[in-house]
Amino acid sequence: MSAAAKQQRVAESLACPAYPSHITSLLGVLLHQQQTLAERTVCHRVRRERHGIVAEPMSIGTLLERAQRGAAKLQAAGVRQGDRVILSLSNPHDFLVAFFSTLAAGAAAVPLPTVAESGTPRSFATRVREVSQDCGPTAGIVESIQRFKAVVGELPTDMALIEVANLTDATVGAGPPLRDQPAAASAFIQYTSGSTGKPKGVVITHGNILANCSAIRDATEYSRADRMVSWLPLHHDMGLVGGLLTSIYCAAETWLMSPLAFLGRPVTWLEAITAFSATLTVGPTFAYSLCARKIPDKQLTGIDLSSLRLAYIGAEPIDPATLRAFSDRYVDYGLSRLALYPVYGLAEATLAVSFPKAGTPLRYDTVDRHRLAADHTAVPATADGPNAVTFVSVGHPLPRHHVTIVATRTGQAVSERQVGELIVGGASISPRYFSDKPDVECTELHTGDLAYFANDHLYIVDRIKDLVIIAGQNYAPSDIENAVAQVEGIRRGRVVAFSRSGSMGTEELHIVAEVTPDSWRAPSELEKDVARKVREEIGLTPATVTMVVAGSLERTSSGKIKRSACAAAHQAGTLTTLGSRSQMVGSKLARQRALLWHRTTQVVDGLRRRLGLTRTD
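In terms of the numbering used here, the sequence shown has 152 at position 111, counting the first letter as 1, and numbering is strictly consecutive.
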């Protein structure tokens, strides 16, 4: 056999499986894989211990056996076809079993964060109550019933609670045989992060999942040889579909770590990529910014990113400066500049909408900011010009999906370099929000995002609902926020720009910004610098500039600032503002104490596990 023929045979053996046309759900995909790839590992749970990174594998056989038992447990608890089941779990193996147990029971999973991932018990309780009131779950799979009840209190609906440790016990038997699910049936309900309003439940069908996973596979040239490392929460669409379900569909392996592990020590993400020779990884812009700017050089000893084929970047506006900073810093650690992979998607499209061609250089487009605001046209400009703003290409619509850009006022399709609302069509589009009438199904999705095409590449400008409109001109808030983030002492990614009608009835610009914990600059000095920067970069004078305590702005599950919530808090006067140096010192000390308490708790929990003790709180 020739070398070329051998290479061809290897490539064919590593190709993603071709599934029979009668398979209509991801559960059917797993059952098919079990017949042909019985020994394959589906998912590794990654932990960092004292001696380094360790991974615990789960095989396809173990997953399906536990899912069958879990389905029987759910059915014994009263879960029926079409019901909803809340999943609030941090362990990726527990989540994976609970997710497929729910699908096997014919129900729809409702992924939610845990208390620790929510930031505060109060925000967790609010989210659980809102979701329960909206979708009326029959059951919930949680880590601790006692703690869940203590935090959430009275729920608006009756819900049977099951501790995940008891989900697959032998008391209810093995359960009925697993089977494929109908394509039109609901698989999970993704509650949107709520950056522009109250969260809505996006109904994702089994057919939606398969359509999005197969389109991602084709766009990225996914193969069984790929190895995904992700720390993104599985209650978020990018973590669930991008970090896990697509790998399952493609019969590739996934290594999943806790979001808290990354947030507590960002270099852990890079250590996992190195340890498991990841070819794929995924993260929002702020994560790449943290790694580019905050990890000390001494922590990077031994880091090797040469295995990375694609590093997905999405979930929030993509900052060109962050891409350059990350690329410049890690090229000496083996990172290929062709690996950075800006993507666009949203929960209502299951996940992905537009991807670049794999292995191609980043593409930037610099345009005149004033023309963009005045006549909604992306006119090319020089990068160092006084009115320049740069956007990053997110490539092309996924295979078997289509994208149209229409004028926001007329709804008519616009020409190249004209900015309008992005409309998406294809089999990945959610049929409806849960609160909508079941007989009204969506065929095309009005995304609410402003975008334009240039040389066949798609560029995302901003969200329509968040536009800052001053003197009849439209300004992208992210453009203003990026300018403010350049001021020393301001936290990058923790700035909000919004407009509101003033006393004269005209729109006024307001800016709220978190101050870095280590900044000793007076708030009044920072406010002057921010106002000056906005005048110089954008040509606007803010009506107010408000400095707030680090960590006080409300964020979504993916880390985006909730602009509407911030604007409401600003108007109500409930923001935690900084008025003096002494307040800044107090804020810093409070954060240090909180961090010390978190680390102490981790140590105590580790000792408990080693001694065989369990927590009762």
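The beta carbon of each residue, even a glycine, is placed where N, CA and C say it ideally should be. Please read these numbers as outputs of a predicted model, since none were measured by experiment.
By the Cβ criterion, the stretch 187-194 is not in contact with the stretch 74-94, since fewer than three pairs of Cβ atoms, one from each stretch, lie closer than 8 Å. The beta carbon of Glu-457 lies closer than 7 Å to those of Phe-494, Ala-495 in the same chain, with the five residues before and after it left out. Ranked by Cα distance from Leu-550, the first of Thr-103, Thr-557, Ile-579 is Ile-579. For His-73, no beta strand (DSSP E) run applies; the uninterrupted alpha helix (DSSP H) run containing it begins and ends at 67-77, by DSSP.
Cβ-Cβ distances below 7 Å link Pro-440 to Ala-256, Asp-259, Ala-260 in the same chain, with the five nearest sequence neighbours on each side left out; the list follows chain order.
Inter-residue distance for Leu-594 and Ser-605 is about 11 Å (C-alpha atoms, whole angstroms). Minimum Cα-Cα distance from Ser-159 among the listed residues Ser-540, His-276, Leu-286, Ala-333 corresponds to His-276. The continuous beta strand (DSSP E) containing Leu-463 extends over residues 461-467.
A distance below 8 Å between beta-carbons, with the five flanking residues on each side excluded, links Arg-473 to the following residues of its chain, in chain order: Val-244, Pro-479, Val-481, Glu-482, Cys-483. Ranked by Cα distance from Ala-313, the options Leu-286, Thr-326, Tyr-329, Ser-271 are led by Ser-271. Bounds of any beta strand (DSSP E) do not take in Cys-607; it lies within the alpha helix (DSSP H) bounded by 604-613.
In the DSSP annotation of this structure, the continuous segment of the alpha helix (DSSP H) that includes Ser-288 starts and ends at 287-290. Pairwise C-beta distances place the stretch 144-155 in contact with the stretch 214-230, as three or more of them are shorter than 8 Å.
Taking 4 residues as the shortest admissible run, the stretch 178-218 contains the following complete alpha helix (DSSP H) segments, listed from N- to C-terminal end: 186-193. Fully contained in the stretch 297-326 are the following beta strand (DSSP E) runs of length 3 or more, in chain order: 321-325. A contact is defined here as three or more CB-CB pairs under 8 Å, and the stretch 449-456 fails this definition with respect to the stretch 400-413.
Counting of Cβ neighbours within 10 angstroms places Trp-561 among the exposed residues, the total staying below 16. The beta carbons of Ile-289 and Leu-67 sit about 7 Å from each other, so the pair counts as a contact at 8 Å. By the Cβ-count criterion, Ile-510 is exposed, with fewer than 16 other Cβ atoms from all chains shown falling within 10 Å of its own Cβ. Check the Cα spacing between Val-172 and each of Glu-184, Phe-303, Pro-154: the tightest is with Pro-154. Nearest Cα to Val-586 within the set Lys-601, Gln-612, Leu-331, Arg-410: Gln-612.
For Tyr-371, no beta strand (DSSP E) segment is defined; the enclosing uninterrupted segment is the alpha helix (DSSP H) at 361-371. DSSP, read as helix, strand or coil, puts Arg-458 in coil.
For Met-269, DSSP records a beta bridge to Thr-295, Leu-321.
Here DSSP, grouped into helix, strand and coil, assigns Asp-259 to helix. Within 10 angstroms of the beta-carbon of Asn-523 lie 16 or more other beta-carbons, which makes it buried.
With a threshold of 16 other beta carbon atoms within 10 Å, Ile-186 falls short and is exposed.
For Val-394, DSSP assigns no beta-bridge partner whatsoever. Going by DSSP, Glu-485 is part of the beta strand (DSSP E) stretching over 485-495. Annotation for Asp-175: Gly-242, Phe-475, Ser-476 place their beta carbon closer than 7 Å to its own, counting only its chain and skipping 5 residues before and after.
Excluding five sequence positions before and after His-417, the CB atoms of its chain that fall closer than 6 Å to its own CB belong to Val-460, given in chain order. C-alpha of Arg-163 to C-alpha of Val-156: approximately 9 Å in a straight line. Cβ atoms of Val-575 and Ile-552 come within 8 Å of each other, at about 7 Å. Under the DSSP assignment, Thr-143 falls in the alpha helix (DSSP H) whose first and last residues are 133-145. Within 10 angstroms of the beta-carbon of Lys-398 lie fewer than 16 other beta-carbons, which makes it exposed. Contact between Arg-535 and Ile-602 holds, since their C-beta atoms are separated by about 7 Å, short of 8 Å.
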